[in-house]
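**Student:**
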Amino acid sequence: MEKMYNVGKIVNTHGLIGEIRVIATTDFPEERFQVGNTVYLFEKNSKKPEKLIIRSHRKHKNFDLLMFEGLTGIHQVERMKEGVLKIKEAQLTDLEENEFYFHEIIGCTVVTTDGEELGEITEILTPGANDVWVVKGADKKEKLIPYIADVVKDINTNDKKITIEVMEGLLD
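Numbering (the UniProt record's numbering), first residue to last: 1 to 172.
1. Ignore the nearest five residues each way along the sequence and tell me which others in E82's own chain have a CB closer than 7 Å to its CB.
2. To test your reading of the DSSP string, which unbroken beta strand (DSSP E) runs of 3 or more residues are found completely within the region 47 to 76?
3. To which residues does DSSP link L144 through a beta bridge?
4. Between the alpha carbons of K136 and V110, how many angstroms are there, rounded?
5. Which residue marks the beginning of the alpha helix (DSSP H) containing F102, and which one marks its end?
6. Suppose contacts are defined by Cβ-Cβ distances below 8 Å. Is K59 in contact with C108 by that definition?
7. Looking only at C-alpha atoms, which of P127, E168, K140, G115 sits nearest to D154?
8. Indicate whether the contact test is met: 3 or more Cβ pairs, each with one atom in the region 137 to 145 and one in the region 88 to 96, closer than 8 Å.
9. Select from Y101, L170, N156, F42 the residue whose C-alpha is nearest the C-alpha of V77.
10. In whole angstroms, give me the CA-to-CA distance for T122 and N158.
11. Which class does M4 belong to by DSSP, given the choice of helix, strand or coil?
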């Protein structure tokens, strides 16, 4: 089966006409949730994904509100709560130079310019100005590495290796 990637988590229904409330897990919600696009619903108790075509998309507060073709009432979408929306790998688009998908970064080994291995990236936080990579070392402690040019010196997604320059106080 083709690889699939998360683009959103369904947290609730919205209104009575079949809208669902989604927390986007993509940097490109406008692109991923464009009318006519296909997403795949993975429900909690179902082994097989359900193919859905987006009928409408709008923003409301911190959520993306979606409706799907053929689903016209709350009773048809209530079952989707806590489901995950995914896209196929073929639906990924090319990124600009020095841009990466989260799945390309998570799992990479982080080493310093001195050759010291710090651990593996387990999570990416998006607090605002720049992303922050959570690196878990052999000692099970987490280190937070900001994704900024002064720190991140080389990203090799093919070898799953990232080289960083340790600034004063970064690992304290």
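C-beta atoms are modelled at their ideal positions from N, C-alpha and C, and glycine is treated no differently.
**Tutor:** Looking at the atomic coordinates:
1. Residue 82 sits at position 82 when you count from the first residue of the sequence shown. Hits under 7 Å: I10, K44.
2. 50 to 60, 63 to 68
3. Residue 144 sits at position 144 when you count from the first residue of the sequence shown. BP columns for L144 point to V134.
4. Within the sequence shown, numbered from 1, the residue matching residue 136 stands at position 136. Within the sequence shown, numbered from 1, the residue matching residue 110 stands at position 110. When rounded, the distance between both Cα atoms is 10 Å.
5. Locating residue 102 in the sequence shown gives position 102, where the first residue counts as 1. Start and end: 102 to 105.
6. As a working note, residue 59 is residue 59 in the sequence shown. As a working note, residue 108 is residue 108 in the sequence shown. No, Cβ-Cβ distance for K59 and C108 is not below 8 Å.
7. As a working note, residue 154 is residue 154 in the sequence shown. When each option's Cα is compared against that of D154, the closest is G115.
8. no
9. One-based indexing of the sequence shown puts residue 77 at position 77. For the residues Y101, L170, N156, F42, the minimum Cα distance to V77 belongs to F42.
10. One-based indexing of the sequence shown puts residue 122 at position 122. One-based indexing of the sequence shown puts residue 158 at position 158. Roughly 17 Å between the two C-alpha positions.
11. The residue given as residue 4 occupies position 4 in the sequence shown. Correct three-state label for M4: strand.
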